[in-house]
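Mind the numbering: the sequence shown is residues 111 to 281 in our numbering, read in order. Worksheet for the structure shown next.
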Amino acid sequence: MADENKQKEPSLVANVFARCKNDRGFAATLKRADNPDTAYQAWEILAAFKVPLDVDSKRLPYALVFAAIARSSREKDGNLGLGAALANAYQDDGGRDSDAAKVKLRRILACDNVIEVCQVLRPILQLICSRGVGISFEKLLKDLIFFNPDKTLARWAQDFFGSISKENEES
């Protein structure tokens, strides 16, 4: 069953990007999906994607990522992991050496469960998207769906601190 989910996620993210590009009403509704006060307005869309609405730990990752896609100015998925995307969002302020970026990363790393991570990531994803950073929503959605506090958080930290050196090696 998990393999089926892993196989369908890339097409799911691509589908959401395409629908947001072609249907402004769809995008407007999805933008409300990660706000606790308006999330119910996007439940029809989430249910159409077979997201279990009654289980927060399963619904919130989809709501968060779909809302971020709808807010994004990008037309397709990026390729950066969460840590690298956060560092790149602060590239003008020193990237991974930026105090503001480190504070946000530490707050993410202090999370114990996927529900808390989704709450903490909401404003961080808004920042990343507003700066036009090419985050991989596909990777993020997989990380949240199969959230393991030890492995996932360690991968995000490694991604953050290793992002600048990887970019410099490619130059």
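Here a beta-carbon is modelled for each residue, glycine too, at the ideal position from N, C-alpha and C. For clarity, every value in this text was computed on a predicted model and none was experimentally measured.
- Within the same chain, and ignoring the five residues on either side of Gly191 in sequence, the residues whose Cβ sits closer than 6 Å to its Cβ are Lys249, Asp269.
- Rounded to the nearest angstrom, the gap between the Cα atoms of Ala143 and Asp207 is 32 Å.
- Ala199 is positioned such that its CB atom lies no closer than 8 Å to that of Val230.
- For Gly193, the uninterrupted alpha helix (DSSP H) run begins and ends at 192 to 199, by DSSP.
- Taking every protein chain shown into account, the CB of Val165 has fewer than 16 other CB atoms within 10 angstroms, so this residue is exposed.
- It is roughly 7 Å from the alpha-carbon of Leu170 to the alpha-carbon of Cys228.
- Less than 8 Å separates the beta-carbon of Ser246 from that of Asp187.
- Here the alpha carbons of Ala173 and Ala149 stand approximately 8 Å from one another.
- Residue burial annotation: Phe159 is exposed, with fewer than 16 other C-beta atoms found within 10 angstroms of its C-beta.
- Per the C-alpha coordinates, the member of Leu215, Ile225, Glu226 positioned closest to Arg265 is Leu215.
- Per the coordinates, the alpha-carbon of Trp153 lies some 9 Å from the alpha-carbon of Thr139.
- Tyr172: member of the alpha helix (DSSP H) spanning 166 to 181, first to last residue.
- Per DSSP, Glu185 lies in no alpha helix (DSSP H) and is assigned neither H nor E.
- One alpha carbon belongs to Lys261, the other to Asp222, and they sit about 12 Å apart.
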